[in-house]
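**Student:** Every number in this note's numbering is 2 more than the matching position in the sequence shown, counting from 1. All C-beta atoms in this analysis are idealised placements derived from N, C-alpha and C, irrespective of residue type, glycine included. As the structure is a computational prediction, the values presented were derived from the model and not from experiment.
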Amino acid sequence: MSITLRRDKNSKLTIDELDDNFVSVRPYRIYVANLYQESGENPIATVLDNTIGEITWTRDDVGTYYAQLAEGTFDSSVTWINVTLSYDSTPYTIYAAVDEDTTKIRVESYSGGSNPAPQEISGWAFIEIRAYDILMPS
Numbered sequence: 003m004s005i006t007l008r009r010d011k012n013s014k015l016t017i018d019e020l021d022d023n024f025v026s027v028r029p030y031r032i033y034v035a036n037l038y039q040e041s042g043e044n045p046i047a048t049v050l051d052n053t054i055g056e057i058t059w060t061r062d063d064v065g066t067y068y069a070q071l072a073e074g075t076f077d078s079s080v081t082w083i084n085v086t087l088s089y090d091s092t093p094y095t096i097y098a099a100v101d102e103d104t105t106k107i108r109v110e111s112y113s114g115g116s117n118p119a120p121q122e123i124s125g126w127a128f129i130e131i132r133a134y135d136i137l138m139p140s
């Protein structure tokens, strides 16, 4: 099946014009990545989708990592974060939230059991960040 879009009755749009004239149908900007971390090193992100902007990953301490925006800030009222671990990863709990410094997302991982402690990611973690393009009522 072929779809032809036309600017008017006689003129077709080129792919470059489509890119320049159409916006994403998503109501949010998105960042999706697989994270891998060698002990004591900054996480390595394999970015699968990114319309949010450049993000740099750093390790702050055992089990604590930051996703730092190069430009702009995260608004916690319209930012949704989903972070999970692969089946073979060793931490049992991982969470993420917009940091007090709103240019960052903070990710922490912990061991399981009755006395959880910070633990490095051993294996893969997966993160999806959505920054919705809506204004929240005040």
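Suppose you measure from the CA of ASP103 to the CA of THR75; what does that come to, to the nearest Å?
**Tutor:** The alpha-carbon atoms of ASP103 and THR75 are separated by roughly 9 Å.
**Student:** Nearest to ASN36 by alpha carbon, out of PRO29, ARG28, ALA69 and GLY42?
**Tutor:** For ASN36, the nearest C-alpha among the options comes from ALA69.
**Student:** Nearest-angstrom Cα distance between SER4 and SER111?
**Tutor:** The pLDDT assigned to SER4 is 48, lower than 50, so where the model puts this residue is not dependable, and the model offers no usable value.
**Student:** Check THR75 in the structure and name its three-state DSSP category.
**Tutor:** The answer is coil: DSSP assigns THR75 none of H, G, I, E or B.
**Student:** Tell me whether the beta-carbon of LEU87 lies closer than 9 Å to the beta-carbon of ALA127.
**Tutor:** A contact, by the Cβ cut-off of 9 Å.
**Student:** So, are the CB atoms of ARG132 and TYR30 less than 9 Å apart?
**Tutor:** Yes. Within cutoff.
**Student:** In the DSSP assignment, find the beta strand (DSSP E) that holds SER111 and state where it starts and stops.
**Tutor:** Per DSSP, SER111 belongs to the beta strand (DSSP E) from 106-112.
**Student:** Which of helix, strand or coil does DSSP assign to ASP62?
**Tutor:** ASP62: strand per DSSP, three-state reduction.
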